[in-house]
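One structure is given here, and the rest of the page talks about it.
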Amino acid sequence: MIRDMCRDFATSEVAPLARELDSNRRYPAHLVKRMAELGLMGVCVPEEYGGAGMDTISYAIAVEEISRACASTAVVLIGNNSLACSPISSFGNEPQKKKYLPPLAKGEKLGCFGLTEPHAGSDAGNVQTTAKLEGDCYIVNGDKIFTSNAAEAHICILFVRTDRARRRRGMSTLIVEMDTPGFTVGGNMEKLGVRASSTCDLKLENVKVPAENLLGGEGDGYKIAMKTLDSGRIAIAAQALGIATAAFEKALQFSKERIQFGKPISANQAIQWMLADMATEIEAARWLTCHAAWLKDHGRPCSREAAMAKLKSSEVSNFVCNKALQIHGGYGYTEDYHVERHLRDARITEIYEGTSEIQRLVIAHSYLRD
Ligand SMILES: Cc1cc2nc3c(=O)[nH]c(=O)nc-3n(C[C@H](O)[C@H](O)[C@H](O)COP(=O)(O)OP(=O)(O)OC[C@H]3O[C@@H](n4cnc5c(N)ncnc54)[C@H](O)[C@@H]3O)c2cc1C
């Protein structure tokens with residue numbers, strides 16, 4: 425049911441706008457409103473907090489279907505669900521959940537996730553933004569980079585250093601309302617893909633955050649970041665899968681229609697083998713993604729499997745989009761056939777929420793530890 429609903433919505437309302445949103449780097453405000461009406465801005469948020477109360481498999485299916493039409497629109501969806509609602513649902517106390525989850529899940533407010541800094545990329549434990557407790561407020565100072573959705577967001581899950589003497593154990597997480605004085609969002613970066621979603625720097629100068637907005641306890645920040653990314657990676661795997669599926673479907677159709685040497689190009693074994701490899705890789709990535717989501721839904725450990733799903737799906741997505749463009753020949757290189765957009769969009773899935781190299785580290789360490 426969720427796949428049918430999301431596919432209907434994505435095909436009739438999202439796909440027709442995708443090219444224009446990408447070309448004009450236009451935030452899909454209307455589509456975000458529609459996704460909220462369909463319950464997609466808080467897919468896994470319990471119903472008592474205004475969400476749809478669905479499981480991770482349903483969420484992965486929703487992300488895949490939206491990404492199949494427009495990967496940028498999926499960035500907005502993922503940022504709100506995986507990176508804002510999920511840490512509040514998992515680590516928030518009752519007043520925090522009551523205050524912040526309903527507006528996020530209903531699409532009245534948008535969330536973003538401020539972890540990355542100039543000196544803390546893959547090395548996420550090296551966060552330098554400081555938060556000093558003075559009375560009943562933290563005073564926050566620092567800079568964040570590459571924050572998805574920041575231009576439109578209202579609430580930031582912000583990772584800070586509360587103890588300079590300790591590294592990972594010195595990190596904490598704050599829920600920060602972005603209209604607090606001293607909180608500045610920089611301009612939207614020009615980028616290769618997912619162009620309709622914003623990516624901005626954040627500057628925090630003496631931002632006063634109520635101590636009651638501490639998520640979890642002091643020193644829990646690194647753990648919260650890693651747990652959030654564990655499940656977030658399942659969504660990135662689904663996003664990569666959706667992009668790959670779109671590129672494959674377009675290549676399949678094109679191969680049947682394009683006539684060269686008096687026959688469709690699909691009559692050539694070289695093209696058939698490309699299609700076979702693309703479809704097989706997509707199916708493998710889909711099962712890894714479903715398995716990771718299933719483990720999470722059953723309360724089982726899923727860090728390794730989520731990393732495997734993201735690694736495989738993102739690499740498959742780039743492989744498939746490249747082959748799809750090749751099957752389109754010169755037409756694929758133009759903007760008219762959309763595969764160049766899919767290829768540009770696929771590229772980020774190997775980078776954000778942990779690069780492919782970091783996924784390999786996570787996977788290898790999980791075996792070396794056992
Ligand atoms: C469009 C976009 C949106 C983003 N959205 C967000 C967001 O919403 N919130 C947020 O907090 N961050 C966000 N990010 C940041 C993203 O998560 C980081 O870019 C990513 O984690 C990599 O960090 P880095 O760019 O500093 O690269 P670096 O860490 O500098 O890595 C550079 C290269 O070195 C490799 N490398 C680094 N360390 C190792 C190692 N130990 N072993 C092997 N190879 C290694 C990396 O794999 C990579 O190939 C976003 C980035 C982009 C581009």
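Residues in the sequence shown are numbered consecutively from 425, following the numbering used here. Using N, Cα and C, we set each Cβ at its ideal position, and we do this for glycine too. All values reported here derive from a predicted model rather than from experimental measurement.
Alpha carbon of residue i to alpha carbon of residue j, nearest angstrom
i	j	result
D560	A635	5 Å
E764	C536	28 Å
E681	K674	11 Å
V786	A770	21 Å
S727	I683	47 Å
E518	E472	12 Å
R449	E614	9 Å
E642	A548	17 Å
P725	G754	46 Å
N637	L749	48 Å
E707	K736	11 Å
F515	G640	5 Å
S790	N692	44 Å
R492	E729	23 Å
T779	M702	22 Å
L792	R784	12 Å
L507	P688	45 Å
M465	K523	16 Å
V500	W718	23 Å
T553	K647	17 Å
H578	S738	29 Å
W697	T758	24 Å
I502	D587	30 Å
H762	G756	7 Å
Residue i vs residue j beta-carbon contact at 9 Å
i	j	result
I668	V744	It is Ala, not Ile, that sits at residue 668 in the sequence shown. The answer is yes: Cβ separation under 9 Å.
M595	F583	yes
H766	A700	no
F678	I751	yes
T773	S741	yes
G611	T571	no
E558	A453	no
P605	D567	no
V469	A544	no
C580	I599	yes
S622	N550	no
L462	V438	no
R619	S510	no
G666	I490	yes
G474	L525	yes
I569	T540	yes
L712	A694	no
DSSP three-state assignment for residue i, whether helix, strand or coil
i	result
Y473	helix
L539	coil
G611	strand
M602	coil
A589	coil
I775	coil
K533	coil
D560	coil
S622	coil
N630	strand
L582	strand
T553	coil
S690	helix
G566	strand
- Query: If you pair each beta-carbon of the region 493-500 with each one of the region 439-453, do three or more pairs fall below 8 Å?
  - Reply: Taking 8 Å as the limit for Cβ pairs, the verdict is that the region 439-453 does touch the region 493-500.
**Prompt:** Any contact of the region 552-572 with the region 621-633, i.e. 3+ C-beta pairs under 8 Å?
**Reply:** Cβ pair count under 8 Å is three or more, so yes.
>> I want to know whether the region 480-490 touches the region 653-661 - three or more CB-CB distances under 8 Å.
In response: Counting Cβ pairs under 8 Å, three or more are found: they touch.
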